[in-house]
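Enquirer:
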Amino acid sequence: MTAANELKPVLVFDSGIGGLTVLREARVLMPERGFVYVADDAAFPYGSWEEGALQERILSLFEKLLAQHQPEICVIACNTAFTLAGAALREKFPEMTFVGTVPAIKPAAERTRSGLVSVLATPGTVRRAYTRDLIQSFATQCHVRLVGSENLARMAESYIRGEPISDDAVLAEIAPCFVEKDSDKTDIVVLACTHYPFMANLFRRLAPWPVDWLDPAEAIARQARRKVPLIDGAEHPDGFDFAVFTSGNPDFATRRLMQGFGLRTG
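Just so we're aligned, residue 51 is where the sequence shown starts under this note's numbering, counting upward by one.
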């Protein structure tokens, strides 16, 4: 039997605090594992970065993270990061297993009845060839609208912390997702940024008509569970379940939020 303190942690990585949507699901499926949550808040938001500089930053950051935390697996809970740097991470660190986050275009194409699907993402994810390839591979029979929001990730960070945000401002960001074509309407919106599911109830209230808001967090967590060995008799280890912020200085509201997710900071 493996002692609890020998279990390696699961590292969950995001540009900010949106990856907590994935962490929440992963904890349910992997209760015996400890978690290290890493928020690259010093570089947030990723969507506005130049691609080469951002990839270089992510690779450099993971060199340090893997050496310091020695995780069992890394979950990249960020569409922008994984669609840009996922292949490079796997090439540079072949001994590590990376579970990525990509826009849920395939399940959306399988579920839609109207054939009108929108992908709500960051500008970086919308620009990525990876996203276009997913559409070509799985959604050629659908009309897919890519909506790159400049502001929604920042709004989500504020919303998660309990700060007020304007209904009109949110509606302006999601309105392009809603398409009417002949007698059909958009019936699925893919939430292609892990920040966005935190705002799903707000989106539902403001939407001009009901749609299925597709959150990939559970599917990502299931994939991570498949990759992590389940050890009989293992107990949840001490010393993990903490959050790392690359700024080194999360504010009080963020620290309180981490505590709500059972994560230590500092």
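The C-beta atom is built at its ideal place from N, Cα and C for all residues, glycine as well.
Per the DSSP calculation, His193 is bridged to which residue(s)?
Expert: The residue you call residue 193 lines up with position 143 of the sequence shown. Answer is Leu166.
Enquirer: Roughly how far, in whole angstroms, is the beta-carbon of Ile126 from the beta-carbon of Thr151, given that I think they are within contact range, below 8 Å?
Expert: Within the sequence shown, numbered from 1, the residue matching residue 126 stands at position 76. Within the sequence shown, numbered from 1, the residue matching residue 151 stands at position 101. Yes, they are in contact, since the Cβ atoms of Ile126 and Thr151 sit about 6 Å apart, within 8 Å.
Enquirer: Locate the beta strand (DSSP E) running through Ile126, then write down its first and last residues.
Expert: Position 76 of the sequence shown, counting from 1, holds the residue named residue 126. Residues 123-126.
Enquirer: State the start and end residues of the unbroken alpha helix (DSSP H) segment that holds Tyr180.
Expert: Residue numbering aside, residue 180 sits at position 130 when the sequence shown is read from its first letter. From DSSP, the alpha helix (DSSP H) with Tyr180 extends over 179-188.
Enquirer: Can you grab the Cα-Cα spacing for the pair Ser208 / Pro258, in whole Å?
Expert: The residue labelled residue 208 in the question sits at position 158 within the sequence shown. The residue labelled residue 258 in the question sits at position 208 within the sequence shown. Taking the straight line from one Cα to the other gives about 24 Å.
Enquirer: Output the boundary residues of the alpha helix (DSSP H) element that contains Ala257.
Expert: Taking the first residue of the sequence shown as position 1, residue 257 is located at position 207. From DSSP, Ala257 is part of no alpha helix (DSSP H); its letter is neither H nor E.
Enquirer: Taking the alpha-carbon positions, what's the Pro300 to Met308 distance?
Expert: What you label residue 300 is simply residue 250 of the sequence shown in a count that begins at 1. What you label residue 308 is simply residue 258 of the sequence shown in a count that begins at 1. Computed Cα separation, rounded: 10 Å.
Enquirer: What residue range does the alpha helix (DSSP H) around Ile224 cover?
Expert: By 1-based counting over the sequence shown, the position of residue 224 is 174. Note, Ile224: alpha helix (DSSP H), 217-224.
Enquirer: Do Arg161 and Asp234 count as a contact pair if the criterion is CB distance below 8 Å?
Expert: Sequence index remark: in the sequence shown, residue 234 carries index 184 (1-based). Sequence index remark: in the sequence shown, residue 161 carries index 111 (1-based). Taking 8 Å as the cut-off, the Cβ atoms of Asp234 and Arg161 do not count as close.
Enquirer: Would you kindly report the start and end of the unbroken beta strand (DSSP E) that includes Ile238?
Expert: Within the sequence shown, residue 238 is the residue found at index 188, counting from 1. Its beta strand (DSSP E) spans residues 238-241.
Enquirer: Starting from the Cα of Arg275, find the closest Cα among Arg77, Leu70, Ala225, Leu202 and give me that residue.
Expert: Here residue 275 is taken as the residue at index 225 of the sequence shown, counted from 1. The shortest Cα separation from Arg275 among Arg77, Leu70, Ala225, Leu202 belongs to Arg77.
Enquirer: Could you say which of Arg272, Leu115, Glu141 lies nearest to Pro59 if we only look at CA atoms?
Expert: Residue mapping note: residue 59 aligns to position 9 of the sequence shown, counting from 1. Pro59 has its Cα closest to that of Leu115, out of Arg272, Leu115, Glu141.
Enquirer: Candidates Leu61, Gly68, Asp64, Arg83: which alpha carbon is nearest Ile281's?
Expert: Taking the first residue of the sequence shown as position 1, residue 281 is located at position 231. Of the listed residues, the one whose Cα sits closest to Ile281 is Arg83.
Enquirer: Would Gly317 be called buried (16 or more neighbouring beta carbons within 10 Å of its own) or exposed?
Expert: In the structure displayed, the chain extends from 51 to 316; residue 317 sits before or after that span and is not available.
Enquirer: Looking at the structure shown, is Leu61 part of a helix, part of a strand, or coil, going by DSSP?
Expert: For the purposes of this step, residue 61 is taken as the residue at position 11 of the sequence shown. It is a strand residue.
Enquirer: Under 8 Å, do Thr244 and Asp64 count as touching if we go by C-beta distance?
Expert: For the purposes of this step, residue 244 is taken as residue 194 along the sequence shown, with counting starting at 1. For the purposes of this step, residue 64 is taken as residue 14 along the sequence shown, with counting starting at 1. It is a contact, given that the beta carbons lie within the stated cut-off.
Enquirer: If you follow the alpha helix (DSSP H) that Phe112 is part of, which residue opens it and which one closes it?
Expert: As a first step, residue 112 must be located in the sequence shown, where it is residue number 62. Run containing Phe112: 101-119, per the alpha helix (DSSP H) assignment.
Enquirer: Check for me: the beta strand (DSSP E) holding Val86 runs from which residue to which?
Expert: Position 36 of the sequence shown holds residue 86. It spans 85-89 - the beta strand (DSSP E) in which Val86 sits, taken as one unbroken run.
Enquirer: Tell me which same chain residues have a C-beta within less than 6 Å of the C-beta of Thr304, skipping the five on either side of it?
Expert: Numbered from its first residue, the sequence shown carries residue 304 at position 254. Hits under 6 Å: none found.
Enquirer: So, does the segment 120-136 touch the segment 224-239, judging by three or more C-beta pairs under 8 Å?
Expert: no
Enquirer: Along the alpha helix (DSSP H) that carries Phe302, what are the first and last residues, could you check?
Expert: Taking the first residue of the sequence shown as 1, we reach residue 302 at position 252. Phe302 -> alpha helix (DSSP H) spans 302-310.
Enquirer: So what does Val149 bridge to, in DSSP terms?
Expert: Translated into the one-based positions of the sequence shown, residue 149 becomes position 99. Beta-bridge pairing links Val149 to Val125.
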